[in-house]
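Numbering-wise (the working numbering), the sequence shown opens with residue 356 and increments by one.
Positions of the beta carbon are idealized from the N, C-alpha and C atoms, including for glycine.
Have a look at the structure below before the remarks.
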Amino acid sequence: MKKLLILVAILFSQGAIAQISNIDLNGAPLRLTPYSDIDGSPYLFADWAKADIGTTNAGLKEDVAYRFNIHDNELEVINESGNTIYLNKDYVEYVVLQRPSILIAQSPVQGLLPNLLFKKGYDNIKGVGPMDLVNVLAEGKKYTLVRKFYSDLVTPPKNSYAPTAGRMFVFEESFYLINSNFDVVNVKNRTNAIVKALDPGDQDKAKQIIKEGKLDLSREDHLVLFFTELNKA
Numbered sequence: 356m357k358k359l360l361i362l363v364a365i366l367f368s369q370g371a372i373a374q375i376s377n378i379d380l381n382g383a384p385l386r387l388t389p390y391s392d393i394d395g396s397p398y399l400f401a402d403w404a405k406a407d408i409g410t411t412n413a414g415l416k417e418d419v420a421y422r423f424n425i426h427d428n429e430l431e432v433i434n435e436s437g438n439t440i441y442l443n444k445d446y447v448e449y450v451v452l453q454r455p456s457i458l459i460a461q462s463p464v465q466g467l468l469p470n471l472l473f474k475k476g477y478d479n480i481k482g483v484g485p486m487d488l489v490n491v492l493a494e495g496k497k498y499t500l501v502r503k504f505y506s507d508l509v510t511p512p513k514n515s516y517a518p519t520a521g522r523m524f525v526f527e528e529s530f531y532l533i534n535s536n537f538d539v540v541n542v543k544n545r546t547n548a549i550v551k552a553l554d555p556g557d558q559d560k561a562k563q564i565i566k567e568g569k570l571d572l573s574r575e576d577h578l579v580l581f582f583t584e585l586n587k588a
């Protein structure tokens, strides 16, 4: 239960409070990439934002400038020396990425979370490596819901209506529901689809939670609240 409450607090709060350890940000120097002439972006967010980085030795580094390259699943950060590096994920326990507030203010999508929790170790999901960071929306004994962001590099057909000729990045997101038996199901972030993907014995309880809370599971905030309640049952 404590774990669930901490997760919810992290996702909804504008700033997390935690003990800060004097740790260094280690990683490889940023390498040159051939992305400058490609339409679209390999990044989760185009602009630099702030992140809190938790390490495997229980340390925490707050307000680190980052960009998340979701094509290569590399977290670009600015270290203490002012250099831009790829963060060494060997020592990362979790990262909390702040979503730029202007994106929330200008987005027509309701319920966007101000903070997004990312963890590694979900390589039981197809296409996810052991060191890949995925967005953890819910985590409990009964159910865990994660989201994989990806910017796919594609070459549109010559007769397509793509804005430019040549290669382009296409943003993708996929949701995966993991039950207590570690079975993984690819689901849509829609209320009916998620309820249907639950174990049959939990579906009535799920419908009750949705009805009482007037929840719309296409919203990020409602997804977090829903699974927090469902994992309590």
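Every candidate alpha helix (DSSP H) stretch fails here, since none sits fully inside the region 484-526 while reaching 4 residues. With the rule of 3 Cβ pairs closer than 8 angstroms, the region 449-461 counts as touching the region 395-407.
Short of 8 angstroms from the beta carbon of Asn490, and not among the five residues preceding or following it, lie these beta carbons of its own chain, in chain order: Leu471, Leu472, Phe473, Val501, Arg502, Lys503, Phe504. Beta-carbon to beta-carbon, Lys497 and Ser529 are separated by about 21 angstroms, too far to satisfy the 8 angstroms threshold. By the CB criterion at 7 angstroms, Asp392 and Asn428 fall outside the cutoff.
With fewer than 16 other CB atoms across the displayed protein chains lying within 10 angstroms of its CB, Arg545 is exposed.
Asp478 and Pro485 do touch by the CB rule: their CB atoms are close to 4 angstroms apart, below 8 angstroms. Look at Lys569 here: in three-state DSSP terms it is coil, with no helix or strand label.
For the pair Leu585 and Ala552, the CB atoms are not nearer than the 7 angstroms cut-off.
Annotation: Gln461 is outside any beta strand (DSSP E); the continuous alpha helix (DSSP H) that includes it extends over 456-461. Residues of the same chain with a CB within less than 8 angstroms of the CB of Leu458, apart from the 5 flanking positions on each side, are Phe400, Leu467 in chain order. Secondary-structure assignment with DSSP links Ala548 through no beta bridge to anything. A straight-line Cα-Cα distance of about 16 angstroms links Pro511 and Ser396. Just so you know, the alpha carbons of Ile440 and Asn547 end up roughly 42 angstroms apart.
Closest in C-alpha terms to Gln465, from the list Leu508, Asn424, Ser573, comes Ser573. By alpha-carbon distance to Asp507, the top candidate from Asn424, Asp554, Ser436, Asp576 is Asn424.
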